[in-house]
Amino acid sequence: DAKTTQPTSMDCAEGRAANLPCNHSTISGNEYVYWYRQIHSQGPQYIIHGLKNNETNEMASLIITEDRKSSTLILPHATLRDTAVYYCIAGSGTASKLTFGTGTRLQVTL
Amino acid sequence: KAGVTQTPRYLIKTRGQQVTLSCSPISGHRSVSWYQQTPGQGLQFLFEYFSETQRNKGNFPGRFSGRQFSNSRSEMNVSTLELGDSALYLCASSPEKYQETQYFGPGTRLLVL
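First to last, the sequence lines map onto chains A and B. Start counting the first sequence at 1; every next residue gets the next number (the numbering used here). Start counting the second sequence at 1001; every next residue gets the next number (the numbering used here).
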């Protein structure tokens, strides 16, 4: 499975867009990029996933570069409730390949 | 749809005891996975069940076991508890097609004294 690299922490002002980068330079052709987040003491929450094309849902947008070596998760209007650890995962197949790294701790401030 | 539910939410045990944790997946989900989360090791995969069969297993000792029932509900058991087993145990269920699109429960926080 492709290893992912994310910044340890980021800050974002409430109401602004939060752009969380992820590097997955060794991703293979059949591996998806998944994003999850974990709010303190809760279970991780699925956000979005994609293969090649950009994706958008009610929570976020996912921008994947053309060479698929990196991606960015965009929270368009961050709120205090978006403060969490965000995990970027590259994988395919079954849950055993779902490897959570250390993620990015996003702090949304007033 | 109701989310993944886990019981109990909190548990205190002593070393040497055993514990059973329960997970009810989202209705219609047949895949259930278990994870252990600790501050030092992060989120680690324990095992995955699909249609009552263990499909994958993480790198944990045999004291950790699980099973899945015909209604997709799952249990995990830890025997001969050690202090290091204190952790948040998370269960997740998946729709069949995208196995990594997992929906996690709130977890069971186990404290071993």
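Quick reminder that beta carbons are idealized off the backbone N, C-alpha and C, glycines included.
Leaving out the 5 sequence neighbours to the left and right, which residues in its chain are closer than 6 Å to B/T1007 when beta-carbon positions are compared?
-> S1022
Would you be able to state if there are at least three C-beta pairs under 8 Å between the region 79 to 91 of chain A and the region 8 to 20 of chain A?
-> yes
Can you tell which of A/R16, A/C12, A/A13 and A/H24 has the C-alpha that lies nearest to the C-alpha of A/G101?
-> A/H24
8 Å contact criterion, which B/S1024 and B/V1004 should meet: CB distance rounded | 7 Å
Contact list for B/F1042 against chain A, beta-carbon separation under 9 Å | Here residue 1042 of chain B is Gly; the residue named in the question, Phe, does not match the sequence. Simply F100, G101, T102 and G103.
Where the beta strand (DSSP E) through A/A18 begins and ends = A18 to N23
Kindly list the residues whose CB is nearer than 7 Å to the CB of B/Q1017, restricted to its own chain and excluding five residues on each side of it in sequence; keep chain order.
-> L1081
Taking C-beta to C-beta, are A/I64 and A/N54 nearer than 8 Å?
-> yes
Under a CB-based cut-off of 8 Å, is B/F1045 close to chain A?
-> yes
Just by C-beta distance, which residues in the region 38 to 57 of chain A are closer than 9 Å to chain B?
-> Q38, S41, Q42, G43, P44, Q45, Y46 and H49
For the region 55 to 88 of chain A, enumerate the residues whose C-beta is nearer than 9 Å to any C-beta of chain B, in chain order.
-> Y87
Contacts around A/L110, its chain only, beta-carbon distance under 7 Å, and the 5 residues preceding and following it disregarded = E14
Does the distance from the CB of A/I27 to the CB of A/A2 come in under 8 Å?
-> yes
Mind checking if A/G91 is an interface residue toward chain B, Cβ cutoff 8 Å exclusive?
-> yes
Sheet register partners of B/I1026 (DSSP bridge) | DSSP, once it has assigned bridges, lists no residue as partnering B/I1026.
Just grab the DSSP bridge partners of B/Q1037 for me.
-> B/L1043 and B/L1088
Considering only C-alpha positions, which residue in the set B/R1030, B/N1059, B/P1106 and B/E1096 is nearest to A/I39?
-> B/P1106
Chain A beta carbons: is any one of them nearer than 8 Å to that of B/E1096?
-> no
Nearest CA to the CA of B/Q1037: which residue from A/Q42, A/S71 and A/I48?
-> A/Q42
Neighbourhood of B/E1100 by C-beta distance below 8 Å, restricted to the same chain and skipping five residues each side | S1094
May I ask you to list the residues that DSSP assigns as paired with A/K71?
-> The question names Lys, but residue 71 of chain A is Ser in the sequence shown. According to DSSP, which records beta bridges pairwise, A/S71 is partnered with A/C22 and A/I64.
B/S1031 classed as buried or exposed, judged by whether at least 16 other C-beta atoms fall within 10 angstroms = buried
In angstroms, rounded to a whole number, what distance separates the CA positions of B/A1002 and B/A1092?
-> 13 Å
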